[in-house]
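Residue numbering for the sequence shown follows this note's numbering, beginning at 58 and increasing consecutively.
All C-beta atoms in this analysis are idealised placements derived from N, C-alpha and C, irrespective of residue type, glycine included.
Because the structure is a prediction, the values reported are computed rather than measured.
Heads up, the thing below is written out as structure tokens.
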Amino acid sequence: MCVFFAILIIIPLLHSVCGQYHHSNTSSGPQFNYDAPDDCAWKVRDGHGDEVLLACTLRTINSEIDTTNFSAIPSEHTVSLLISCDPTVTALSSMENQSFAHLVRLRELELDACKLARWPAATLAGLTDLRNLTVRTGMSDWPNAGMTVEIATGSFAHASRLERLDLSTNNMAALPENAFCHLPNLVLLNLSRNRIQDVADLGFGERAPPPPPQPLISGRDEMYDANTYLRKTASTQCPLDIQSVDVSWNRITVIPSNGFSSLRRLTELRLTGNEISVVNDRPLGGLTGLEILDISCNNIVSLPVDMFKDVADSIKQIHLQDNSIGTLSPGLFVNLYQLTSLDLSSNQLTSTWIDASTFTGLIRLVALNLSNNKISKLDPTIFHDLYTLQILNLGGNLIDSIPNDAFIPLRNLDTLVLSNNKIVDVSPLALNGLYALTLLSLDGNKLTDVHEDCFKNCTTLRELNLSGNILKTIPSALREMRMLKNVDLGENKIDFIDPDSFYGMSNLNGLRLMGNRLRNLTSNLFDNLISLQILSVAHNHIDYVAPDAFQNISNIEAIRLDGNRLSSIEYIVRNVSSLRWLNVSDNVLNDFDYGMLPERLEWLAMHKNYLTELSNKNGVTIKIRQLDVRYNYLTYISPASIPDSVEILLMNDNQIMTVETGTFLKKTNITRADMYANQIGQLDINALRLAPVPLDKSLPEFYISGNPFQCDCKMEWLQRINLLSGLRQYPMVMDISSIYCKLLYNRENKYVPLSEINQAQFVCTYKTHCFTVCQCCEFDACDCEMTCPANCTCYHDQPWSSNIVDCYSSNYTQLPAKIPMDATEVYLDGNLFTHLSSHALLGRKNLRILFANNSGIQSVRNDTFTGLKRLAVLHLEDNKIERFDGSEFNTVENLRELYLQHNAISYINNMTFEPLKSLQVLRLDHNKLYDYDSWILSTNLRLNKLYLSNNPWSCDCEFVQSFRRYIMLTGDRVVDSSAITCHSDGNRDVSIRDQNATECSSFFGSIVENRIVRDVLPTVLTAVCIILALVLILYLVVVYREECRAWVYYKCGFRICHKTVPFEDDRMFDAYVTYSLKDDGFVAQMLAPGLEQGNPRYRVGLHYRDFNVSSFVADTIVEAIESSKRTILVVSKNFVESEWCRFEFKSALHEGLKDKKGRLIVVALGEIQPKDVDPELRVYMKNAIQVNWGDRMFWEKLKFAMPDVSKCQSLMSRSRNGVNIYATPLRTSYSFASQPPRTASVQSSKYYLSPAYVDSSQHLWA
């Protein structure tokens, strides 16, 4: 809460400060004119009416891409200058001598992120009043490690009054000798984040007598001579009064003896993050006033015994954390009387090196951090002098027990951290003497119980952390702990709570029981916690909470029940009137009503449950400000689903498909709503409508991406909803750039970004439409009625400016007659046109796009496109068009794109494209063009994309040269120019673009010289053709071998490659036919007569005609198969659905055909889907001879599969005139000619009336 209020206070302050930089004049502005450069912003220093702070943002300074003129900065009033460069630019900046010489009043100068390779000696010339200098190039963070700043000797000699110098992040490896000797007033020096390796390079150690002065080398940087400054310090030490030095994050490896001895007034030294592994004796020699030493994050293993000898009377803070210190020299910290803070955490210290003498004499020590070491035991004498210690951190060690009276000298200890050790028990006297202790952390140990008297002397204890242990019950030691404010018992194994466990804890504010094994919360469980405000029982196994479990906690404000197994919260919190915050997420809730909640609840989280609706059956008034119902199964939301008081609504990742109109109309406080990742397909604009939002409030932010929006004509508003912000009645959709839509008319059938959809693509379907001005729509002849053609789908946008007719693959053989007159796009591709008839599209004056590709078109009439004045795109590719005679496109002068690729065009009249003055794209590739003068297209001035490749262009030299000249002149207009080739008989393809006149003559000259070769070609080609013909004939014979064998047998009477079965004259029938009774018409009138009355004549036994169907069907089938030479199985849809489903039929057929290979013939009747045939029948059909009814060689193939018939048998059959003498006496067989009509059901059968049967059997009654 404090952070929240701090943000509320800081943001307006930042806004006001930033605003002053960007606005130079206000109502109480300065009383002078200040002309700042364009790249700069300025403000007046607070309390100083004539002093200006100037901030400039540049790309670079005097680089190869920029030139910088600092003289444009006004010298008067400018006391502070900040120059910021672009950190992403790699170009090096540069400074010039006396760059700021005119800024005589300048006291602060900062250069940030400007990659300076060199700092000239006289850069600061003229800045005699400069106090603060910051030069941070950022090169230390740049990937190129070789980029560094070179500081010239005497660079700071001209700014002798400098007090603060920051040279961090410059990647500097060294500094010039005596770099800071001319800065007697320097107080703070920052050299962090460079590449300094040796402390001696800093020049702060003991100095040897300097050599005689040498003349400076002449150069540009030395034009402003600094000799006068150097001579003054040549014979004496630098008079430095630096108080703070930061050399952190460099590459120093050794701290030498007396390395900083010249800095007598130094109070703060920071060497963090170096590579220090060695510390020599007396490293702090001469630093008698040092107060803060930070050498953390290094590789130090040990420290010399006299490390702090020279600073014993002044040192206050020592930071040694994150090293590798494993030993402590005896007496290292002894008698550091001023030391208040010592940090030895994250080292390798063990109990061996920490004893009674380690901290002797540290009488002012307040904070001691020994965490994350390897201390295994505590000696009660360790802390004997630390009676002022207030914070002790021993966490992350190996301590397994706390001895009695271990902390008894620490009578002022306020915070004790023993987390993440191996403590298994706390004895009654372990914490003896800690009368001032307010915070105790014992989390992350192995405690199974806590002695009931262990906290007896800790009467001031307020914060207790026992989480992450192995406790099974609430420790009895907590009873009567009246001062406790917060207790953490999470991540234990507590499965039962005794109500008396909290007896006497009347001031407890927070109780955390998260991550235990509780199964239920019974009545009166928390009655003793009368001051409890926050309770967390999350991530347990709770499936039951008593109705009055929280009723007596009058001050409870927040309850966490998430991560449990609750199925309902009814009666649980309804009467807890003080409750403000409730989390029941990640349970198994499947029912919810706002009547289950207290009226004053403000924050409710119910994500990851099984809720399908948010109901408010009794219309209760609820004051929820934040509602979280993510990851549920909500399908719709209505105004009653969301409280009117809600401010933040999280409903993402549900199954919401419907948002009712007016859902947010009364949500006047809403600031954010997340509804992304749902199933919303259609959304009315009024569903998001709000009450008018005041001008002083920001519009609410909605997130609705990740929904499968169907963007039809009713969803056009979604694309421009953020443009309606001026109405103050609609939210700002913040993720509109991430919204994808599925267009109602989109051939690719994929989701496209909402931002990429044209307004005309928001369409709806229609069948008929009548405008309001139409008076005759009840009549078929109404001209103003729009009717969608049959088998087509039509679409329109909201204003009816776009009218799309899609007749793709509708099997039209000619253009539909009822294409709406105001159609703007017509798609006729994939149909069966042979030509485009005249005036077929007459009157469609609004037509802009026409697709007639892939429709078998062979020709286009001259007046096909008459009246299409606005046609812009025409697709005729993938057809069979052979020629254009010149006037086909005369009436479409506004055509911009014409696609004619993949046709058979061999001739184009030179006037064909002449009327198309607006033509921009023309595709003629993949045709049969040979000598079309394509350079005629140069009259089409707007043509910028022309495709001509993959045509058999002529290799005539004159033609090729003209063609090449046109390609060269048009440049990139011929897109596929590199693929355009000409082809000459017997020669390779030649690129037309790459030919020149000489190559053309030599190439085609070689053709004439090689004519003798071509004379031989006819003979060779003839031989090759004969061989190919023989191969083709052999291939066809192999592929159609069954038809060939049947035809030879039918014509010649003998079988080829067929193993015949010996005559079985003792069999009664040549074939037994089994079939479905529903197919009786086909078998009795078509199949049987064709076999019994044909040539030869067969004896055929029909299942339902010649056998007693009243007997047992299995015996009948077996007997019939045994009595026949062949078995014909008529397989149809009726057979599969009736006979084959009978078990006795299937088993009998299987028994009869056992061991009778080659005797089964399958006649397939009608179309049978493979999925309708079960595996057993599929095996029969695969292994048997199959003949399809309707095949033009049906009878030949069937008779080929039938057995041979003796001549006497055939004559006998003929003498009986087609009467079947084998039929049973119960039924009479008729010849085909004399058979009377069958029942109505048979006559209406599709087999009986089908013309295909007559065609297949016409030879029977010729």
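Beta-bridge partners of residue i, as assigned by DSSP
i	result
Asn617	The amino acid at residue 617 is misidentified as Asn; the sequence shows Arg. According to DSSP, Arg617 bridges with Ser593, Asn640.
Val335	Val311
Ser137	Leu110, Glu165
Gly1158	Tyr1129
Asp731	Leu707, Tyr760
Leu907	Val883, Leu931
Phe941	Ile965
Met843	His826
Ser150	Leu173
Val192	Leu168
Ser301	Leu245, Glu325
Cα-Cα separation between residue i and residue j, rounded to whole angstroms
i	j	result
Leu427	Ser314	27 Å
Asn936	Tyr1237	45 Å
Pro361	Arg339	8 Å
His80	Phe237	Interpretation of His80 is limited by its pLDDT of 39, a score under 50 that renders its predicted location unreliable; the figure taken from the coordinates is listed afterwards. Cα to Cα, the separation comes out at about 39 Å.
Ser498	Ile439	20 Å
Gly490	Asn477	23 Å
Lys366	Asn201	42 Å
Ala463	Leu443	12 Å
Gly203	Tyr667	60 Å
Leu385	Gln378	14 Å
Leu190	Leu168	8 Å
Ile679	Leu658	7 Å
Ala1128	Lys1254	15 Å
Leu979	Tyr787	47 Å
Leu422	His376	13 Å
Cys354	Asn90	52 Å
Ser1048	Ser1034	9 Å
Arg901	Arg777	31 Å
Trp1246	Thr692	54 Å
Ile814	Glu773	10 Å
Asp510	Asn469	21 Å
Asp988	Asn860	41 Å
Contacting residues, own chain, Cβ-Cβ under 7 Å from residue i (five flanking each side not counted)
i	result
Thr850	Thr822, Asp863
Asn951	Lys926, Arg927, Leu928, Ala929, Ser975
For residue i, the first and last residue of its enclosing alpha helix (DSSP H)
i	result
Asn1342	Absent from the structure is residue 1342, since the part of the chain shown begins at 58 and ends at 1319.
Gly1147	1145-1149
Ala1258	1251-1258
Ala1177	1170-1179
Asn1191	1190-1194
Start and end residues, beta strand (DSSP E) containing residue i
i	result
Lys100	97-101
Gln683	683-685
Cys1014	Cys1014 -> not in any beta strand (DSSP E); alpha helix (DSSP H) instead, spanning 1014-1027.
Residue j beta carbon less than 8 Å from that of residue i
i	j	result
Leu455	Lys431	yes
Leu184	Phe157	yes
Leu240	Ser225	no
Asp886	Asn903	no
Arg221	Arg193	no
Ala178	Gly211	yes
Asn251	Asn307	yes
Asn675	Glu704	no
Asn644	Asn673	no
Neighbourhood of residue i by C-beta distance below 6 Å, restricted to the same chain and skipping five residues each side
i	result
Asn735	Asn711, Ile713, Asn764
Ser916	His892
Contact set for residue i: own chain, Cβ-Cβ below 8 Å, skip 5 residues either direction
i	result
Asp1172	Ala1205
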